[in-house]
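Trainee: Going by numbering that gives the first Met the number 0, the sequence shown wraps up at 221, each residue one higher than the last.
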Amino acid sequence: MTARPLPLGVLASGRGSNLQAILDEIAAGRLAAAVRVVVSDVADAFALERARRAGVPAVVVDPKRPGGKAAYERELADVLAAHGVDLVVLAGYMRICGPTLLAAFPGRILNIHPSLLPAFPGLHVQRAALENGARFSGCTVHFVDAGVDTGPIVAQAVVPVLDADTEETLADRILRQEHRVYPHAIRLFAEGRLRLAGRRVLVDAPAPGAGDAALVHPPLPA
Ligand code: GRF
């Protein structure tokens with residue numbers, strides 16, 4: 000008997016390449032999930048087009064309305080609930096989650112951020128990594144809490160920062176890892192393997208050998 004695919008709701012404000020990576024992973028049979036709805040706060044977000052092409056309902060929820068953020072998030076939560084969503088996936092969603100959305104999906108909202116949190120939360124993170132001379136950057140999937148990029152960390156991927164990097168080349172290198180690590184983190188959630196312990200996320204049966212993994216940059220001599 001196969002487990003019921005985890006019903007996902009994806010929130011996106013822009014191009015939706017992470018959404019696409021998740022859709023592709025599901026289509027390839029590597030992620031037991033189903034994107035039930037894609038919701039955007041931006042009417043012409045390309046993520047909505049990606050959803051339509053995949054046969055997924057694409058919904059715009061306009062944040063400008065009487066009642067402010069609470070009313071906006073109430074409608075968001077209603078749309079997600081109406082589509083039977085169990086896990087909310089923020090994929091380039093450019094708003095801070097407020098108490099209404101957090102309360103509707105407690106412990107069931109994931110985000111991806113293009114830095115190695117807790118370093119460089121917020122915006123312009125590649126610029127910050129370059130300006131601070133970081134040797135490594137990467138991406139982080141984390142549970143969402145009331146802060147800005149502060150929730151418990153589920154998974155990270157690390158990339159080197161190269162001397163010739165610009166914000167764009169570094170962002171591209173990180174994005175390629177985002178597309179791998181986000182479906183991976185969702186898979187761990189779908190398989191029930193994530194457990195919160197304070198601010199830590201413990202993973203049941205992690206792959207053997209992870210404790211020996213290390214990246215050094217510049218590389219050590221062979
Ligand atoms: C990604 O870099 C993600 O880490 C950040 O916003 C960007 C979204 O890209 N939160 P896309 O819309 O998924 O292509």
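Ideal Cβ positions, reconstructed from N, Cα and C, are used throughout, including at glycine.
1) If I measure Cβ to Cβ from aspartate 144 and keep anything under 6 Å in the same chain, skipping five residues before and after, which residues do I get?
2) Helix, strand or coil for glycine 15? Go by DSSP, reduced to three states.
3) Can you tell me where the beta strand (DSSP E) holding alanine 289 begins and where it ends?
4) Can you tell me where the beta strand (DSSP E) holding glycine 210 begins and where it ends?
5) Quick one: Cα of leucine 169 to Cα of glycine 91, how far?
6) Below 8 Å on the Cβ atoms is my contact criterion, and I expect valine 60 with valine 78 to pass it. Report the Cβ-Cβ distance as a whole number of Å.
7) Going by the DSSP bridge assignment, what does alanine 161 pair with across the sheet?
8) Less than 7 Å separating the Cβ of histidine 112 from some heavy atom of ligand 1?
9) State yes or no: is the C-beta of alanine 90 nearer than 7 Å to some heavy atom of ligand 1?
10) Measure how close the beta-carbons of phenylalanine 135 and leucine 214 come, nearest whole angstrom, since I'm counting them as under 8 Å.
11) Which of the three DSSP states, helix, strand or coil, is assigned to valine 200?
12) What's the gap between the Cα of histidine 216 and the Cα of alanine 156?
13) Would you say the beta carbon of alanine 76 comes nearer than 7 Å to a heavy atom of ligand 1?
14) Can you tell me whether proline 182 is buried or exposed, with buried defined as 16 or more other CB within 10 angstroms of its CB?
Mentor: Looking at the atomic coordinates:
1) In the sequence shown, counting from the first residue as 1, residue 144 sits at position 145. Excluding sequence neighbours, aspartate 144 sits near Gly150.
2) Sequence index remark: in the sequence shown, residue 15 carries index 16 (1-based). Residue state, collapsed to three classes: coil.
3) This structure cannot settle anything about residue 289, because the visible part of the chain is limited to 0 through 221.
4) The residue you call residue 210 lines up with position 211 of the sequence shown. Taken as a continuous stretch (DSSP letters only), glycine 210 belongs to no beta strand (DSSP E), as it is neither H nor E.
5) Here residue 169 refers to the residue found at position 170 when the sequence shown is read from its first residue. Here residue 91 refers to the residue found at position 92 when the sequence shown is read from its first residue. Between leucine 169 and glycine 91, the C-alpha separation is close to 17 Å.
6) By 1-based counting over the sequence shown, the position of residue 60 is 61. By 1-based counting over the sequence shown, the position of residue 78 is 79. Confirmed, Cβ separation roughly 6 Å.
7) The count along the sequence shown starts at 1 and reaches residue 161 at position 162. Checking the displayed sequence, the identity of residue 161 turns out to be leucine instead of alanine. In the DSSP output, where bridge partners are listed per residue, leucine 161 has none listed.
8) By 1-based counting over the sequence shown, the position of residue 112 is 113. Answer for histidine 112: yes, Cβ within range of ligand 1.
9) Looking up residue 90 in the sequence shown gives position 91. Because some heavy atom of ligand 1 lies under 7 Å away, the Cβ of alanine 90 counts as near it: yes.
10) Along the sequence shown, one-based indexing puts residue 135 at 136. Along the sequence shown, one-based indexing puts residue 214 at 215. Right, their Cβ atoms sit about 7 Å apart.
11) Along the sequence shown, read from residue 1 onward, the residue named residue 200 stands at position 201. DSSP places valine 200 in strand when its eight states are reduced to three.
12) Locating residue 216 in the sequence shown gives position 217, counting from the first residue. Locating residue 156 in the sequence shown gives position 157, counting from the first residue. So the alpha carbons of these two residues sit roughly 15 Å apart.
13) Residue numbering aside, residue 76 sits at position 77 when the sequence shown is read from its first letter. The answer is no for alanine 76.
14) Within the sequence shown, the letter at position 183 stands for residue 182. Buried: at least 16 other Cβ atoms inside 10 Å.
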